[in-house]
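Just so you know, the sequence shown maps onto residues 8 to 217 in this note's numbering.
A short write-up of the structure that comes next.
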Amino acid sequence: MVQPGSAPFGLQAELGKMTAQEIMDAKALAASKSHSEAERRRRERINNHLAKLRSLLPNTTKTDKASLLAEVIQHVKELKRQTSLIAETSPVPTEMDELTVDASDEDGKFVIKASLCCEDRSDLLPDLIKTLKALRLKTLKAEITTLGGRVKNVLFITGEEESSSSGEQQQQQYSISSIQEALKAVMEKTSGDESSSGSVKRQRTNINNL
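Right under this line is the structure:
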């Protein structure tokens, strides 16, 4: 009966016939085979990853590893360039609440550009429309971008009623500070404000005067 932890009788007998050098050689051979198998699996994983990279590149004809990796690097650089370009030309939301209100006179017409970045919620747009209407303002154009639960609204607004007044006179009529305060209140309101508690969540909002 073979005791636990002991070698099988046949193997023990064979080991008894081997010299110390032969045992060392056998162990080295087993280690070499194990290393070769591990190396084979490693090369297999690398080749699979390279094949995946090759499939992701558009119209690539590169087959050797060095050329393929060089092409991947160029493609990643191009994607980063395009991302930066999109970020510069599109109103991408940031992690910080921000409010910017800028007034200008375009061809004698008073135009306000309001940029709001805050947490997205279902009643945000209706609240903005309601607030602008209360201020007797109307939206000429709106650019809205959402990302990861955040939203950025860029609104171009003007007086609700057509007027023959100059842009400077209209600017005096519509107080920039009052517009900022009204929009800030909309940004800092939460979706739970309509509940019976009537609590309002106060957040830090950066206001930039241009």
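Here a beta-carbon is modelled for each residue, glycine too, at the ideal position from N, C-alpha and C.
- The beta carbon of K145 sits closer than 6 Å to those of E167, all from its chain and outside the five residues before and after it, given in chain order.
- Within the DSSP secondary-structure output, T101 pairs in no beta bridge.
- In this structure, D109 sits near K120, with a CB-CB distance shorter than 9 Å.
- Per the coordinates, the alpha-carbon of K59 lies some 29 Å from the alpha-carbon of K40.
- Take A192, set aside five residues on each side of it, and the residues of its chain with a beta-carbon closer than 8 Å to its own are T138, in chain order.
- Between E113 and L147, the alpha-carbon positions lie close to 13 Å from each other.
- By the Cβ rule, the segment 155–164 counts as touching the segment 118–136, because three or more pairs are nearer than 8 Å.
- When DSSP states are grouped into helix, strand and coil, L190 belongs to the helix group.
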